[in-house]
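Protein chains in written order, with the working numbering: chain A, 309 to 950; chain B, 10 to 1065.
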Amino acid sequence: MKKIRLYSSLLLFVLMTARCSNYLDIIPDNVATIDNAFTNRFNAEKFLFTCYSYLPDPTSLSTNPAFFAGYEMWMVNDPLTWPYVQGGANQYAYFMARDGQTANSPYINSWEGSAGGVDLWTAIRDCNIFLENIHLPRDMEEGERSRWIAEVKFLKAYYHFYLFQQYGPIPITDTNLPVSSGGTEVAVYRNTVDEVTEYIVGLLDESAPDLPVIIENTTEELGRITKPIALALKAKVLIMVASPLFNGNSNYVSVVDNRGIALFPKQYEASKWERAATALKEAIDCAETEGNAQLYTYNGTYVLAESTKQKLNIRGAVTERWNSEIIWGSTESSAMLQKSVAHRQVGLNVVSSHVASVGNPTIRTVERFYSKNGVPIQEDITWDYANRYDVQVAGASDRFLIREGFTTAKLNFNREIRYYASLYFDGSMVYGNGVNTENTYSAINYTSMKSGMISGRFSNNLYSATGYGVKKLVHPNSVVTNPTFTAYEYAFPIIRLADLYLLYAEALNEVKSGPDEEVYYYIDKVRHRASLDGVVESWATYSSDPTKPLTKNGMREIIHQERLIELAFEGQTYWDLLRWRKAQQEFTQPVQGWNVIGKENADYYRIQTVFTPPPFLIKNYFQPIRNYELGLNSNLVQNYGW
Amino acid sequence: MVKINFLFVDKMPQVKLATIVGLLVLLLSGYSVEAGNHLLSGVDFQQSDFILKGRITNEQGEPLAGVTIVLIGSTRTVTTDADGTYLIKATPGDKLSVSFLGMKDQIVTVGNAEELNIVMEVKGHELDELTVVAYANQRKESIVSSISTVSPSTLQVPSSNLTTAFAGRLAGVIAYQRSGEPGEDNASFFIRGVTTFGAGKKDPLILIDGVELATDDLARLNPDDIESFSILKDASATALYGARGANGVIMVKTKEGREGKAQLSLRLENSISAPVSQVDLVKDPQLYMNMHNEAVKTRDPLGELIYSNEKIANTGKGNPFVYPYTDWQEMLFKNYTSNQRANMNVSGGGKVARYYIATSVNQDNGILKVDRRNNFNSNIDLKKYLLRGNININVTPSTEMVFRLHGTFDDYNGPIDGGTAIYNSVMRTNPVLFPAYFEPDQANQHTPHILFGNYGSGNYINPYADMVKGYKEYNKTLVLAQLEVKQKLDALLKGLSVRGMFNTTRYSHFDVSRNYNPYYYTVGTYDKTTDRYTLHPLNQSSGTEYLTYREGQKDVFSTTYFEGAVQYGTQINEKHKLNALLVLTSYEKRIGNSGSLQLSLPYRNLGTAGRLTYDYDSRYFLEWNFGYNGSERFSKIHRFGFFPSIAGGYILSNEKYFAPLKNVISMLKLRASYGLVGNDEIGNSADRFFFLSEVNMNNASRGHAFGYERGYTKTGVSISRYSDPTITWEKSYKQNYGIELSLFNKLEIQSEYFREHRKDILQVRADIPATMGLQATPQSNIGEVRGHGFESSLNYKQTFGNGLWVSAMGNFTFSQASYLVYEEPSYEDTPWRRMQGQRIGQPFGLIAERLFIDDFDVVNSPVQEFGDYGAGDIKYKDINKDGVINSFDIVPIGFPTTPQIIYGFGASLGYKNVDFSFFFQGSGRSAFFISPELITPFVDNKSLLTLIADNYWSEDNQNAYAFWPRLSNYAITNNNQQSSHWMREGSFLRLKTAELGYTLPKRWTDSISLHNARIYLSGSNLFVLSAFRDWDVEMAGNGLGYPLQRVINTGLNINF
């Protein structure tokens, strides 16, 4: 009997346990999972935006390597400066330029999404998730669905391209591996240059037909991918792989993976230029005819001096919101960029630290701009190249470019209009900043850059390291007052028409046996907008090398310099110099500027070396994959030299 | 009162079940039950009565008045008078029941004699012979698992934080303390070291009166309130806790009232506490400025000097506000502070009810100075109140109800960001840039606010302003209510009992900060001739004179816990003892501010556990335990786990053949155990449900904007965890071998060797390359750790006839655990980077050879890939000889960061009224790193440590073995790498406590009707022996934080 009692007690326990096992089921239904993202159009659109959200921010001084890493511009090396610059203490691009890149902890690491890099593999994974699931929402029209698919395919191609540009050939990730994968499954190989090119081009070809030619609903959709963008990107991919860095580059033939596959092509192939040229023509035609794109010129109603208007033609091509020239504009805010580079000006009693005046063009960058005759200053027979660092007093003829009566370097005189549109310097006139009503000279402000002057080294950290600043990236309607800065935001151009024109000229010059009218036509279109004569005429009249535009090699140099000037400070120079394999000669030049601690002309106008860049070696043409990743995947071969 | 007659119960099984269910329900609803067949039927037979008389005394022969004497079987009851005498009518053969408060009940048989004197013994406490084990008590002798018990009085240290007493006093516990800030001074402690890794729980399960609580709650316990303190270490001891016991269990039982008259005990302490050591900063402003200038020049010969010769010459001599020099430590910190503690408890009770009521008040003060111009206190002032009531009621002879109510309440007032932040900000402030505050200039004679100093645009840290600008208050409350019912069911089955316990815990915490925004000033103009300056305001627009207010963190949670147990014990033939226990537990916690949907869901555990022990003739012991429990954290397939263990023991000294040795070896016991325990608190607390993915459908940083004016925005979707239903708890396979030895009945030695193999440790997958594109790296039960160790404790006690007594104790713990399986890249070419095979907590770093002597040395050495470097910077060893120093050259260096050895020893001796005791504690085999970032002088205005000023590489003194590399005014990443240059050994031996006590003579105390009074003087952290002297070595890498405190304490303990 006692046993029975005991057993029944035990039974009771078991019963209680059994009854209570539901006690641990606490998860309610409808906890959000990834399936929720594709239940309807509303949520799917969020995922579409997610795919877009990985677009690297082209306006960021901190994470877009192109501003600093090519020494196109520089800034004060002072941690107290950085809080006023986008990125704050994390000036990755600047650090990369200052300290050099390492394979241990690379800056702008887009491979892993650290140190300023966007995690582009995750971006690609999200694009794949989108493409795998977008058939699910039922409340969508098929037209819209195919447009979204095309957009995401484009983004997937662009993310591949971005990695390609940074790292050279990469593993193509067309479909996602399951999350639970491990071991050899995840040990992917890098594809070859040609495979990656074909893959990206293929994706773009698939996406283009389903993309809109122009954005109708500009209020809600400007910034979304269009057909001209897809064609332009295709052209940019093709010209990149036709360029010397990728095409017949003997340095990288040794990059072979553990299967023995060489990642870079062994031979130069001229046909790659032809293919690029074809793609560029297609892109330009589509942009011009279907997308209504044309080079921007100022069409404001203010009565302005001719030179002021000419300057605005250039400045506006970048800073005029969604202007006619923009093929692909970024929807990232440009406010912080403007705030970082903007200038304090005389006439406003601005002592505020709300503009940093960093991002300072180096003497080398400044000297790239042509003389007013449209030829390089060292070639211009009318330009006093030898004495360019002497000073001169500005006369009345220059009054809308340089403050009348102001003494400044000869270097700043008699330059092409893009010089005055793109740069500010000691004594430069700065149209805008809220003063745009009428053309009264006295109302227009100017910069005064010597130490202690309002635009110069007024405070200890916020001043130009070289004596130059970038005017081109600040919209005339952005206003600095004491103590605020209000940015007039614009869509930073990722690709604009002038870019395509110059690329086309470049490609054509390579394709043809010698430059011809077709080549000149596209480069001269850009020059005319910059109030310059055509290349042949300019060189013939003013250059010490008057036949330069007539040879293929000479023309190549002219096109290169034209690009460096036209697209200066737009994040193109860095990639161009790499692609042309000119970085070794350009990125090793000392960073120079005026003696910005000088207070007097005699003291200020002395060239100072602000910084000597770390050595630039062949390996630096591509970014290293962090060593850690190579440890995880032994099939991955490191880039040459790292 | 409800009575249920059980006599019919045997008839039908169904009815029986119903009855038992009913019984339990009744028990839990607070009814008491009395078994029917237990009722006494009074039969009064009157045969040859006579008057029995006698005297009842205690053991000392003192008469006891009021003793109750009942003639069993009758209603006859008498009590003793003042002389302890009684008279009762009785018959030979009758049985008398004698009972008195606080004395053991006696049953005496009446003989033929007419006088019967009875001596009553004081009721000993049951727990003296019993050890607290999981869910029950067990006879000490029969314990075969590894459980160490500590006498609570040894935990009595001059501190209001119990955890600070652990190191060296608890065998098998690795403990250390890193901060001395009141409220933040918990020691870290691990049972048998750390044998797991990752983000999960590593420290033990803490049970106070059977209820799971946090380290803070353990820290608040008052040693005077502790009845027993046990540490459950091996699988056999912890298997009943199943998936919660792998890291060991600390079990504390609070005191309960004992039968007897009310006893009041009072303890008052006042202590003076001062930092054990303070980091030395350079107090010479000229030296500071010259070195700062040097830092600029040595890196950049063209660099602009920070301080002019004029400033250097005048600082410390000229006007103290124009040429400021501030010793910030002096400015902010007092040399010492005083803390008070008081506690009181009253206990006692009668036959029916017993009570233990305790209360304590602790006041801990910080060592921060307060500015008299503010009318609020910004120093740390932490008051901790504790209230505890334990009431036991014997509802019926077989039913006991225990009611426990416990509350701890913390009231804190202190600086806005806490004390440690103040210490850190002193380190980040330039001593010559600005004064803490200015004396008003002409213009500010009537300015009502304090004119704090600052520089530049007023964005520098002024630690004085930060300290005095406001104050933070927090209030913390923890309330615990518990009801326990114990029912003996001897009627059902002799030796059977059931027990039910219900507990609820309520916690709340909130903080509020109030502060003004300091007005900062700098010197505008200065006229040397008149020595007058004017002040220039730096933040006219942002400063405020009025206080602003900020609501801080608010935390609330509540838990409920239920425990039901059936226990059965029997004895067959005197020799076979059998005990069985079956427990059902359920636990739930709900958090009010968890921050996400998934975390807001209730936390639950459910389990059954059982124990079967068998002992044969007090010689052979066998024990089998199991836990079967589950938690809501895992998917259904892995929700419940079974954790068995087995243990055996053998007491040789109870063998017959051992008898001749008994005089020397009074006890010798061997024991061993093996079993499986789990740990279900794995991973990050945010990663709760591994079987669910965590998706954020509204992640703004994954959103995007479109449109002409970027007007059309949508948030995006992100994934922070991918689902994996296979993830489950850690499993720990533990072996334990122990020997217990007692010599001459005076010396007790207990030694144990243990091994542990922990499997299924959750690890973030390490072989997932970035090309997978995962937003969150999946985790998996991959890791394995193997640990082993040794612990030993020794106790010695001897009393000499002349009133001298001596006791000594010592203990030693060594534990080491290594990664057996650790997923990581293969490191084929650099095998020294593998974690696998290394000890847990093993630091990795570069090997620093020395500093570069000069530029020639730099050129001729391998390239170092950590940014700029040159002569005087740290030169690292090229391990793989590839001519480049990078992450490939990182190797394991030094000991683990958690000490592998903790030991302690001490002695007490007393002679008549005086007693003295001391206790040393040591720690061995650990390493720590000085953080160069935290002490790099000049960078971010950091102060200059004397340590650096005394020994650095300079162009004049190119000492390749200097402590500090070449100065710099910006961070040199090359030197900040984790390397052997910054590694130090953490071993130390310290005089942890010493105490001198004097018990007031009996004749004095008696005269004021005190039972006992003792005054004492004690101290803690009195001195330390260590190779590292720059700050208190126990603080390790946290050396610049709030220092550990040395305490001198006076106390008074009175018992009424």
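Ideal placement from N, C-alpha and C gives every residue a C-beta, glycine not left out. Note that this is a predicted model, so its numbers are computed, not measured.
Sorted by chain position, which residues of the same chain lie with C-beta nearer than 7 Å to residue 162/B's C-beta, five sequence neighbours on each side aside?
-> Close CB contacts of residue 162/B within its chain, under the 7 Å cut and outside five residues either way in sequence, are with 232 (chain order).
Pair within 8 Å by beta-carbon distance, residue 402/B and residue 370/B | Result no, Cβ atoms of residue 402/B and residue 370/B do not sit closer than 8 Å.
is_contact[residue 407/A, chain B] using C-beta, thresh 8 Å = Interface residue, yes.
Same chain, Cβ closer than 7 Å to residue 498/B, five either side skipped, listed in chain order | Cβ neighbours of residue 498/B beyond the five flanking positions: 505, 506, 507.
Using 8 Å as the threshold, is the segment 668-683 of chain B in touch with the segment 743-763 of chain B, meaning 3 or more CB pairs across them?
-> At 8 Å Cβ cutoff, the stretches touch.
Could you say which of 758/B, 971/B, 769/B, 823/B lies nearest to residue 857/B if we only look at CA atoms?
-> Selected option, being the one with the closest Cα: 971/B.
Collapsed DSSP secondary structure at residue 230/B in the structure displayed = Residue 230/B falls in the coil class under three-state DSSP.
Applying a beta-carbon distance threshold of less than 7 Å, which residues of chain B neighbour residue 459/A?
-> In chain order: nothing, as chain B lies at least about 11 Å away.
Could you tell me which residues DSSP pairs with residue 697/A in its beta bridges?
-> None, per the DSSP bridge assignment.
Give the secondary structure of residue 666/B by DSSP, where H, G and I count as helix, E and B as strand, and everything else as coil.
-> Residue state, collapsed to three classes: helix.
Where residue 890/B falls: helix, strand or coil (DSSP) | Reduced to three states, the DSSP call for residue 890/B is coil.
Using 8 Å as the limit for Cβ to Cβ distance, is residue 726/B near chain A?
-> Yes, contact with chain A.
Can you name the start and end residues of the beta strand (DSSP E) that residue 638/B belongs to?
-> It spans 629-640 - the beta strand (DSSP E) in which residue 638/B sits, taken as one unbroken run.
Pick out whichever of 1015/B, 86/B, 65/B has its Cα sitting closest to the Cα of residue 92/B.
-> Comparing Cα-Cα distances from residue 92/B to each of 1015/B, 86/B, 65/B, the minimum goes to 65/B.
DSSP three-state call for residue 728/A: helix, strand or coil?
-> Here DSSP, grouped into helix, strand and coil, assigns residue 728/A to helix.
Collapsed DSSP secondary structure at residue 471/A in the structure displayed | Helix.
Can a CB atom of chain A be found closer than 8 Å to the CB of residue 782/B?
-> Residue 782/B counts as touching chain A.
Taking a cut of 8 Å between CB atoms, which residues from the segment 586-608 of chain B lie near chain A?
-> Legend: CB atoms of the segment 586-608 of chain B lying less than 8 Å from CB atoms of chain A belong to residues 591, 593, 595, 606, 607.
Apply the 10 Å Cβ neighbour rule to residue 1013/B and answer buried if 16 or more other Cβ atoms are within range, or exposed otherwise.
-> Residue burial is scored here from C-beta neighbours: residue 1013/B has fewer than 16 other C-beta atoms within 10 angstroms and is therefore classed as exposed.
On the DSSP bridge assignment, give the partners of residue 814/A in chain order.
-> Paired residues: none, contrary to the question.
C-alpha gap between residue 465/A and residue 511/A, whole angstroms | A straight-line Cα-Cα distance of about 6 Å links residue 465/A and residue 511/A.
Between residue 198/B and residue 212/B, is the Cβ-Cβ spacing less than 8 Å?
-> Contact flag set, yes.
Is DSSP giving residue 992/B helix, strand or coil here?
-> Here residue 992/B sits in strand by DSSP.
Euclidean distance between Cα positions of residue 407/A and residue 876/B = So the alpha carbons of these two residues sit roughly 6 Å apart.
Coil, strand or helix - residue 935/A by DSSP | The answer is helix: DSSP assigns residue 935/A an H, G or I state.
Under the three-state DSSP convention, the category residue 351/A falls into = Under the three-state reduction of DSSP, residue 351/A is assigned to helix.
Mapping DSSP to helix, strand and coil, what is residue 145/B?
-> Strand, per DSSP.
Residues near residue 1059/B in its chain [Cβ-Cβ closer than 6 Å; skip 5 each side] = The residues are 279, 1026.
Is DSSP giving residue 563/A helix, strand or coil here?
-> If DSSP states are grouped into helix, strand and coil, residue 563/A belongs with coil.
Closer than 8 Å, CB to CB, is residue 373/A near chain B or not?
-> Not flagged as an interface residue toward chain B: residue 373/A, since no C-beta distance is shorter than 8 Å.
Delimiting residues of the beta strand (DSSP E) encompassing residue 1001/B | For residue 1001/B, the enclosing beta strand (DSSP E) starts and ends at 997-1008.
Bridge partner(s) assigned by DSSP for residue 1056/B = For residue 1056/B, the pairing in a beta bridge is given by DSSP as 282/B, 1029/B.
Mind pulling the chain B residues with CB within less than 7 Å of residue 479/A?
-> Counting only Cβ-Cβ distances below 7 Å, residue 479/A has contacts in chain B at 780, in chain order.
Quick one: grab the DSSP three-state call for residue 373/A.
-> The answer is helix: DSSP assigns residue 373/A an H, G or I state.
So, is the C-beta of residue 7/B closer than 8 Å to a C-beta in chain A?
-> In this structure chain B extends from 10 to 1065, so residue 7/B is not present and cannot be described.
Starting from residue 635/A, find everything on chain B with Cβ-Cβ shorter than 8 Å and list it in chain order.
-> Within chain B, no C-beta atom comes less than 8 Å from the C-beta of residue 635/A; the nearest is roughly 16 Å away.
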